[in-house]
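The structure appears below as structure tokens.
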Amino acid sequence: MPALTLREILALDPVRAAEPELLAGHTALDRPVRWVHSSEVYEGANFLDGGELLLTNGFGLMDADDEVRRRYVRELASRGVAGLAVEVGRSLPAMPAEVVDEARRRELPLLAMHRVVPFVRITEAANRAIVARGLSGRSVVRPWGDDHTAALLADLADRAALNQPEVEARAALAGFHPGPGARLVGVSLHGTREVGTVDRAVRLLGGAGVLRAAFPGDVLALLSLPGARPGDPVKAVQEAFRTMSAPGLTVAVGHAVAEGSGWLRWSDTLRAARTTLELALTVPAAEPASPDGPLVTSSRALALERELTRGGVDANRERLAALVQHALGPLLAWEAAHPSNLVRTLETHLRNGCSPTRTAALLHIGRQSLYQRLDRIGSLLDLDINDPDLLGELLTATCAHRVVERPEGARGTARPATTAPHFKRTA
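The opening position of the sequence shown corresponds to residue 0 in numbering that gives the first Met the number 0, with each subsequent residue numbered one higher.
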């Protein structure tokens, strides 16, 4: 379906109520309008992407000289805006002649709005109409067709050129209405092409809203937890998916962001979930999941892995191998000659606050056996492994060892770690 045109925008009731008069660009009324903005920033043309109808009250034009006014129109035309609508009669008594002349030279539709109508009424009506017509009028062919939810999630995960009103309008069209103070959490699942797991987890969370869709590589979801809900939202989401996911599934949970923090933060949690899923599928887990259950992890749990592999494992392999050798060389030499799990023991011990009880339970060994291993590690490295000054270096080295030396422990089919989300679209 074609995008909404400027001619159709002019037919909307709130626009007609402003009594628009077309002063230039009469032959360009069938231009597609991608979005409707209001702005009083007169040096802001570079922030426009093209295809916008720009609304302004004309205040900045009132004291500008002739050349500044002409340059303003030229810059808007060069950005490919669909039109310029200026409120006249209040801040600006009449449309400046040089603005009209330059708009005619550039064939830029120029509207004089003679009655005051709040811009928010115009933008809301126009942008909702744009969204309903064809998801902001983008002339792209999407593999998910008319699935508005999938298209919005894909655009957020791709960090496409969006703006907050557009995201909110498209979310509302998909039935997603995060309340004030809500916490949003991105989730990515591998091992299923169905969204049922997400729906079951949402029901268990009670009162959560959700955007979710299946893609060729995974299922992607954005959950909204009420702001009044107590506790850690990330842990709550993880626990819900541990309860409701089938064995063999891999679930990655992003960080929590505030509903009012802006669409870029919404994008961040979805991207974090997808990056974490890539790592969960390509890097052996520090603490393997139960074979009878799903692997549910989070961006915070794999924060160190994400930092070590920025740009991909292969791009960092040589650097990480040198780091491992420097910090763990004697331990690696011992393990090469004596089958043991000393490196894994050290990492598990460090990751769990050097708690003998917790470490022994996770390794399924007795405390006495653990103490023997820790003594051996300390002796080989000639270090006190409980020294707080060493924790960062040793934990980083053991994590790097797992990333570069043991790919056979990966849970899924290997894919490049930490790649950007990839939702392909064709022009």
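Glycine included, every Cβ here is placed at the ideal spot set by N, Cα and C.
Check this for me: beta carbons of residue i and residue j, under 9 Å apart or not?
i, j, result
"Ser187", "Val250", "yes"
"Leu53", "Val80", "yes"
"Ala111", "Glu193", "no"
"Gly50", "Trp34", "yes"
"Leu301", "Ala279", "yes"
"Ala272", "Leu219", "yes"
"Thr397", "Arg309", "no"
"Leu83", "Val72", "yes"
"His254", "Thr268", "yes"
"Ile384", "Leu349", "yes"
"Leu382", "Leu390", "no"
"Leu322", "Thr395", "yes"
"Ala27", "Glu106", "yes"
"Arg299", "Gly185", "no"
"His113", "Ala17", "yes"
"Leu3", "Ile129", "yes"
"Asn315", "Leu303", "no"
"Arg89", "Val116", "no"
Smallest Cα separation from residue i: which of the options?
i, options, result
"Leu327", "Thr274, Pro164 and His400", "His400"
"His189", "Val197, Leu183 and Arg182", "Val197"
"Pro95", "Asp64, Glu334 and Arg104", "Asp64"
"Gly227", "Thr242, Leu349, Leu248 and Gly205", "Note that residue 227 corresponds to Ala in the displayed sequence, not to Gly. Among Thr242, Leu349, Leu248 and Gly205, the Cα nearest to that of Ala227 belongs to Gly205."
"Ala170", "Gln324, Asp157 and Leu152", "Leu152"
"Ala102", "Val402, Asp217, Gly185 and Leu22", "Leu22"
"Leu183", "Val236, Glu123, His337 and Ala284", "Val236"
"Leu379", "Glu165, Val119, Asp388 and Leu345", "Leu345"
"Asp386", "Thr358, Cys353 and Arg372", "Cys353"
"Ala284", "Thr347, Leu373, Asp157 and Asp217", "Thr347"
"Val119", "Lys234, His147, Pro164 and Asn351", "Pro164"
"Thr274", "Ser38, Gly216 and Arg104", "Gly216"
"Arg375", "His337, Glu404, His325 and Ala93", "His337"
"Ala335", "Gly59, Gly377, Asn351 and Glu404", "Glu404"
Just the Cα atoms here: how many angstroms apart are residue i and residue j?
i, j, result
"Leu369", "Ser339", "12 Å"
"Val98", "His25", "15 Å"
"Thr356", "Arg366", "7 Å"
"Pro108", "Arg69", "14 Å"
"Leu47", "Arg78", "7 Å"
"Asp12", "Val87", "19 Å"
"Arg305", "Pro246", "25 Å"
"Leu75", "Leu5", "16 Å"
"Phe214", "Glu277", "15 Å"
"Pro31", "Ile8", "10 Å"
"Ser297", "Thr191", "18 Å"
"Ala168", "Val402", "41 Å"
"Gly230", "His363", "30 Å"
"Leu172", "Asp100", "40 Å"
"Asn162", "Asn126", "12 Å"
"Leu263", "Val166", "10 Å"
"His36", "Val85", "12 Å"
"Leu373", "Thr358", "11 Å"
"Met61", "Gly174", "43 Å"
"Pro329", "His147", "56 Å"
"Arg318", "Leu248", "32 Å"
"Leu91", "Asp29", "28 Å"
"Asp388", "Gly195", "47 Å"
"Gly59", "Ser38", "10 Å"
"Gln371", "His325", "24 Å"
Under 8 Å by Cβ, that's how I've got residue i and residue j pegged, so tell me the actual separation to the nearest angstrom.
i, j, result
"Gly208", "Pro177", "6 Å"
"Val295", "Ser244", "7 Å"
"Ala149", "Ala212", "4 Å"
"Ala181", "Leu224", "6 Å"
"Pro293", "Phe240", "7 Å"
"Trp333", "Leu155", "Not really, about 48 Å apart at Cβ, beyond 8 Å."
"Val14", "Ile121", "6 Å"
Cβ of residue i within 8 Å of any heavy atom in the ligand FMN?
i, result
"Glu165", "As far as ligands go, the structure on display features none, and thus does not contain the ligand FMN."
Do the segment 194-204 and the segment 258-276 touch if we need at least three Cβ pairs shorter than 8 Å?
no
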